[in-house]
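**Student:**
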Ligand code: SAM
């Protein structure tokens, strides 16, 4: 169990592990907050995909609330520790590897149906991990994500702001993001430099998955200061579609809300529309 800083220190000593800063290993050291996060994720008893289980701060309450937990951890030494701590629990599947390269269909098969995501995200990979989840097309009704404050702000970024980009757009188009909790450095061991936030993303009804939307957004934001017309010039029909949607030739992707960008994408790629969930 890892409900406070001294219990984390004990676990680290027991397994002879030194927290790896490069992998963002700041372990959650507040059992009550971990339980609240697990409750928010599992809801009515969903299976849960956990990314970066570490020493099990979230894994333990998730296992008590969810019928199935699939946890992906990059650090082989931590997978061994988790195996020793929770390996006997038939509800747990541990997968060693980088989530950014993980076999998503295999994870989905292990989860067995619609699932929630819970993660205390490693700061260095917050954006790639979240983009991978949001662009997966898998049925994920809810995500509960802990991130450093500045990274968490990206989920709420508004058009025209520096933080606005593909992550904010996918998060706000498919989901309703809500700030769930604030955490201070003292809630972790070892303590990070900055405070963190927990963001709850709940799937919006009536927004079917759009395969190809992320590459389209990445293209549209590739040169932030270029006009949309310029960024999309290789797409046949782009000028006419922009005009049909009432968008001025000089507009930039960074100034358009998620719904407008989705409408533009759908208009430019009608054949791909609704191919996903
Ligand atoms: N969940 C634990 C907790 O709350 O105490 C640990 C959180 S710690 C901030 C981030 C965890 O993600 C670490 O265990 C780290 O080894 C793991 N990790 C880092 N990069 C990863 C990646 N690309 N894929 C999977 N796990 C990763």
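Numbering (our numbering), first residue to last: -16 to 260.
No residue lacks a Cβ here, since even glycine has one placed at the ideal position from N, Cα and C.
In this text the structure is predicted, and so the values were computed from the model without any measurement.
#1: On a CA-only basis, which of 147, 137 and 154 is nearest residue 126? Give me that one, please.
#2: Quick check: does the Cβ of residue 56 come within less than 7 Å of any heavy atom belonging to the ligand SAM?
#3: Which residues in the same chain have their Cβ closer than 6 Å to the Cβ of residue 106, if we skip the five residues on either side of it in sequence?
#4: I need the DSSP call for residue 127, collapsed to helix, strand or coil.
#5: For the ligand SAM, is there any heavy atom lying closer than 7 Å to the beta carbon of residue 131?
#6: Which of helix, strand or coil does DSSP assign to residue 259?
#7: Does residue 15 come out as helix, strand or coil in the three-state DSSP assignment?
#8: The ligand SAM and residue 81: does the residue's C-beta get closer than 7 Å to at least one heavy atom of that ligand?
#9: For residue 61, is the beta carbon positioned less than 7 Å from some heavy atom of the ligand SAM?
#10: With respect to 7 Å, is the separation between the Cβ of residue 41 and the closest non-hydrogen atom of the ligand SAM below this value?
#11: Is there contact between the stretch 83 to 90 and the stretch 106 to 125, where contact requires at least three CB pairs shorter than 8 Å?
#12: Could you check whether the Cβ of residue 250 sits closer than 7 Å to any heavy atom belonging to the ligand SAM?
#13: Could you compute how far the alpha carbon of residue 2 sits from the alpha carbon of residue 170?
#14: With DSSP as the reference, label residue 212 as helix, strand or coil.
#15: Indicate the three-state DSSP secondary structure (helix, strand or coil) for residue 20 in the structure shown.
#16: What are the start and end residues of each continuous beta strand (DSSP E) run of 3 or more residues lying completely inside the stretch 32 to 95, in chain order?
#17: By the 10 Å Cβ neighbour count, where 16 or more other Cβ atoms means buried, how is residue 208 classified, buried or exposed?
#18: For residue 103, which beta-bridge partners are listed by DSSP?
#19: Is the beta carbon of residue 189 closer than 8 Å to that of residue 210?
#20: Measure the C-alpha to C-alpha separation of residue 166 and residue 199 and round it to an integer number of angstroms.
#21: Using DSSP bridges, identify the partner residues of residue 249.
**Tutor:** In brief:
#1: For residue 126, the nearest C-alpha among the options comes from 154.
#2: It does: the Cβ of residue 56 is within 7 Å (strictly closer) of some heavy atom of the ligand SAM.
#3: 7 and 131, listed in sequence order.
#4: Strand.
#5: No - the ligand SAM has no heavy atom lying nearer than 7 Å to the Cβ of residue 131.
#6: Note on residue 259: pLDDT 40, under 50, position unreliable in the model; the coordinate value appears next. In the three-state scheme derived from DSSP, where H, G and I count as helix and E and B as strand, residue 259 is classed as coil.
#7: Three-state DSSP puts residue 15 in a helix.
#8: The ligand SAM approaches residue 81 closely enough that one of its heavy atoms is under 7 Å from the residue's Cβ.
#9: With a cutoff of 7 Å, residue 61 counts as near the ligand SAM, since its C-beta is closer than that to a heavy atom of the ligand.
#10: For the ligand SAM, at least one heavy atom lies less than 7 Å from the Cβ of residue 41.
#11: Contact between the stretch 83 to 90 and the stretch 106 to 125 is present, because at least three Cβ pairs lie under 8 Å.
#12: No, the beta carbon of residue 250 sits no closer than 7 Å to any heavy atom of the ligand SAM.
#13: Taking the straight line joining both Cα atoms gives about 16 Å.
#14: Helix.
#15: For residue 20, the three-state secondary structure derived from DSSP is helix.
#16: Taking only runs of at least 3 residues, the beta strand (DSSP E) segments lying wholly in the stretch 32 to 95 are 52 to 56 and 75 to 79.
#17: The residue in question, residue 208, is exposed, as its Cβ has fewer than 16 Cβ neighbours within 10 Å.
#18: Within the DSSP secondary-structure output, residue 103 pairs in a beta bridge with 129.
#19: Contact: no.
#20: Rounded to the nearest angstrom, the two C-alpha atoms are 35 Å apart.
#21: Answer by DSSP bridge pairing: none, since residue 249 is not bridged.
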